[in-house]
Amino acid sequence: MTVLPNIIVVGGSYVGVNTAQQLAKAFVGRFNILLIEKNSHFQHLFAFPRFAVATGVDTHKAFIPLVPGAFRECPPGSGSVIRAAVVSINSSSVKLDRSVSVGGQTSDTIPFAFLVIATGTKLTPPSTLPGSEKSDGVAYLRKHTQMIVRSQRIAVIGGGAVGVQMATDIKELYPSKCVTLIHSRKTVMNRFHPKLSEMVADRCRELDIDMKWGARVKLPADGYPTDGRTFNVDFEDGSHIAADFAIICTGQTPQSNLIRESYPQAVDSQGFIRVLSSLQIDDPSLHDVFAVGDVAATGAPKAARPGGKQAEFVVKNIQHLMDSEPLEDYRATDPPAIHLTLGMEKNVVFRNPASGSEEPFVNYKDDGYVH
Ligand SMILES: Cc1cc2nc3c(=O)[nH]c(=O)nc-3n(C[C@H](O)[C@H](O)[C@H](O)COP(=O)(O)OP(=O)(O)OC[C@H]3O[C@@H](n4cnc5c(N)ncnc54)[C@H](O)[C@@H]3O)c2cc1C
Ligand SMILES: *[C@@H]1O[C@H](CO)[C@@H](O)[C@H](O)[C@H]1NC(C)=O
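If you read the sequence shown in my numbering, its first letter stands for residue 27, the second for the next number, and so on.
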């Protein structure tokens with residue numbers, strides 16, 4: 027039996043799984059696709075904001091087994107999943123935090139013909155969970171929910187999608203609690219047309235959520251207390267509000283450590299991986315290495331859907347490299363779009379206008395909750 031060369035995908039979340047599936051379908055019989063993920067399960071992050079605040083939800087459902095899930099719809103034997111963290115790469119192999127068995131060999135180093143990095147970003151819990159086991163994740167989300175239940179004055183810091191969804195869910199589920207949505211700028215959802223911020227403001231007024239917008243929080247180095255006592259959330263302008271629980275929904279840290287040490291120029295000042303329009307990493311020695319999804323500086327909105335499009339270009343460009351043909355240019359042309367919950371029932375599908383003069387696409391709905 028001949029051993030096929032590997033195409034390795036690092037990161038088994040929305041974009042990495044999608045990429046691995048497309049590769050497995052395109053290159054069956056020619057390459058062995060290896061999906062390397064450090065967590066025990068695929069984490070369905072979209073559900074985390076609600077699963078971190080609502081009781082009576084089936085928290086387990088946010089964790090989906092990668093085996094057989096990831097390659098189930100792919101040709102048999104075309105791909106496999108390895109549980110490990112990649113600690114570093116070079117132009118021909120990845121180094122893992124543990125030894126694994128691949129193709130009859132046990133090693134902490136796996137060679138590749140092509141590599142795709144889809145390691146995403148890290149956020150503050152509960153958006154990114156501490157630990158890598160499903161059981162730890164389920165326990166963390168449930169504990170977080172219990173802290174919400176017992177708190178009276180909840181500060182939600184950060185007016186991006188996660189902050190807006192959590193604040194509106196909490197206030198609708200627990201109307202007697204005092205909820206403040208805090209944001210550094212005067213409008214929220216800043217990647218979008220200002221009309222979305224107006225819609226959020228209207229909904230906050232409807233639910234009686236306090237809005238402290240245009241004020242930057244001084245985050246304490248050790249985090250806020252979680253033992254139920256009352257503390258101050260301090261602002262840079264000297265003001266403060268009292269709270270007994272705070273949720274931090276700001277700041278995304280790209281998970282690019284695996285290349286930063288050996289290829290510092292391939293990482294931008296914020297830590298995102300620099301890519302060419304072919305989606306190859308912008309370093310002449312990493313010709314066979316691509317980056318996609320949230321970790322890559324592609325110019326695309328940080329969402330799952332653009333990553334699927336990027337995966338298509340990776341598949342096409344790997345084929346072009348093998349055929350010594352010119353590569354195709356990925357362009358991030360889709361305008362930012364989102365399906366945002368504004369409580370248990372109300373939600374909005376919002377898409378930015380393609381050009382400055384047009385109006386955004388808005389579909390405001392109240393079908394979120396099946397009784
Ligand atoms: C709470 C929340 C809700 C969201 N809701 C939506 C939504 O409704 N719709 C939407 O489009 N987008 C939503 N987003 C954004 C969306 O989740 C991201 O754009 C998307 O997850 C990016 O996918 P990704 O695969 O690039 O990276 P990530 O999802 O960040 O995944 C990276 C994966 O790589 C793994 N990894 C990292 N480093 C290593 C390593 N060295 N070795 C092995 N594995 C590694 C991680 O464990 C992780 O599984 C939400 C984000 C959050 C945080
Ligand atoms: C990459 O690392 C592997 C394992 O350490 C090594 O065998 C290989 O020679 C390295 N390749 C390059 C091009 O440095």
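Note that beta-carbon positions come from the ideal geometry of N, C-alpha and C, so glycine has one too.
For clarity, every value in this text was computed on a predicted model and none was experimentally measured.
If we ignore side chains and look at the alpha-carbon of each, how far apart do residue i and residue j end up?
i	j	result
A187	T147	15 Å
T359	A326	8 Å
G297	T171	32 Å
P91	D263	47 Å
K169	P137	41 Å
V164	P94	21 Å
K238	H266	10 Å
A52	S66	26 Å
S223	R357	27 Å
A330	D134	30 Å
R211	H313	41 Å
G402	D228	With the chain covering only 27 through 397, there is no way to say anything about residue 402.
N116	R286	11 Å
K203	S104	52 Å
H86	G394	20 Å
G334	P31	24 Å
V107	A96	8 Å
L305	H70	25 Å
Could you pull the start and end residues of the alpha helix (DSSP H) that residue i belongs to?
i	result
V243	Careful: V243 lies outside any alpha helix (DSSP H) and carries neither H nor E.
V164	160-176
P91	No alpha helix (DSSP H) contains P91, which is instead part of the beta strand (DSSP E) from 89-91.
S223	220-233
N283	283-286
Rounded to whole angstroms, how far is the Cβ of residue i from the Cβ of residue j, which I believe are closer than 8 Å?
i	j	result
S153	F74	6 Å
Y250	A268	Not a contact, Cβ separation roughly 12 Å.
F376	F218	6 Å
S114	S311	The Cβ separation is near 14 Å, so there is no contact.
V190	M215	7 Å
L61	A80	In fact, because the Cβ distance is near 31 Å, the residues do not count as touching under 8 Å.
D236	V259	Not confirmed; about 12 Å, so no contact.
I196	C275	Actually they do not touch by this definition, with Cβ atoms about 12 Å apart.
D398	Q178	With the chain represented from 27 up to 397, any question about residue 398 goes unanswered, as that position is not in the structure.
Using a 10 Å radius around the Cβ and a threshold of 16 neighbouring Cβ atoms, would you call residue i buried or exposed?
i	result
E63	buried
Q281	buried
H209	buried
G382	exposed
D355	exposed
V142	buried
V388	exposed
T367	buried
R98	exposed
Y40	buried
V131	A small fix is needed here, since residue 131 is Gln in this sequence, not Val. When all chains shown are included, Q131 counts as exposed.
T252	exposed
T28	exposed
T256	exposed
Q291	exposed
A247	exposed
A380	exposed
Which residue marks the beginning of the beta strand (DSSP E) containing residue i, and which one marks its end?
i	result
V43	Taken as a continuous stretch (DSSP letters only), V43 belongs to no beta strand (DSSP E), being part of the alpha helix (DSSP H) at 40-52.
V36	32-36
D260	257-260
A181	179-183
L302	Segment: none, L302 is in no beta strand (DSSP E) and carries neither H nor E.
N58	58-63
F271	271-274
Could you pull out every unbroken beta strand (DSSP E) segment of at least 3 residues lying fully inside the stretch 187-211, listed in chain order? 204-209
Whole beta strand (DSSP E) elements within the stretch 305-387, 3-residue minimum: 315-317, 363-367, 373-377
With a floor of 4 residues, list each alpha helix (DSSP H) that falls wholly inside the stretch 70-141, ordered by position along the chain. 74-77
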